[in-house]
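Residue numbers (the numbering used here): 1470 to 1632.
Glycine is no exception: its CB is placed at the ideal position from the N, C-alpha and C atoms.
Quantities reported herein were computed from a predicted structural model and do not represent experimental measurements.
Here is the structure we will look at, set down as structure tokens.
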């Protein structure tokens, strides 16, 4: 199974594409789509859509795993991130890729065994689980890889009727 994990944002969209077979992971590609500040929002959204669409077309994932959003403070940031998330979901939908959404708590629990894990713990476990030579950066990339790992574990549970 090939899974594309996404950590949505307007300035930085983390992505990670992993293969998962027989309880083993392989990181195929990972990084971030960066959009420049002081650029029109619609131009940034187009950049995100184009990059994610291209990644989906080249990787042909079986699933897209994306982090659900939770905001409790900055409304302006929330709106922009929601718009970015919308074009990401659209890219997956237009390519007929099933979309699975997980809360940050679910992702942390799946990757570290602890739902309140911090960024360092996520980065450490992602690096170990994917046998990477160094920690993925920026943090958004590690979060995207964690979302992909979460879906791999969750899809195993779904196959056996445990979820």
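Check, Outcome
"Nearest to residue 1524 (by Cα), restricted to the options 1498, 1538 and 1537", "1498"
"Boundaries of the alpha helix (DSSP H) in which residue 1506 is found, first to last residue", "Neither: residue 1506 is in no alpha helix (DSSP H) and is coded neither H nor E."
"Boundaries of the alpha helix (DSSP H) in which residue 1532 is found, first to last residue", "No alpha helix (DSSP H) holds residue 1532; the beta strand (DSSP E) holding it covers 1532-1536."
"CB-CB length for residue 1569 against residue 1534, believed under 8 angstroms", "5 angstroms"
"Contact check, residue 1614 vs residue 1595, beta carbons under 8 angstroms", "yes"
"Distance between residue 1562 and residue 1529 (C-alpha atoms, nearest Å)", "13 angstroms"
"Cβ distance (whole Å) where residue 1513 is taken to contact residue 1558 below 8 angstroms", "Actually they are not in contact, since the Cβ atoms of residue 1513 and residue 1558 sit about 16 angstroms apart, beyond 8 angstroms."
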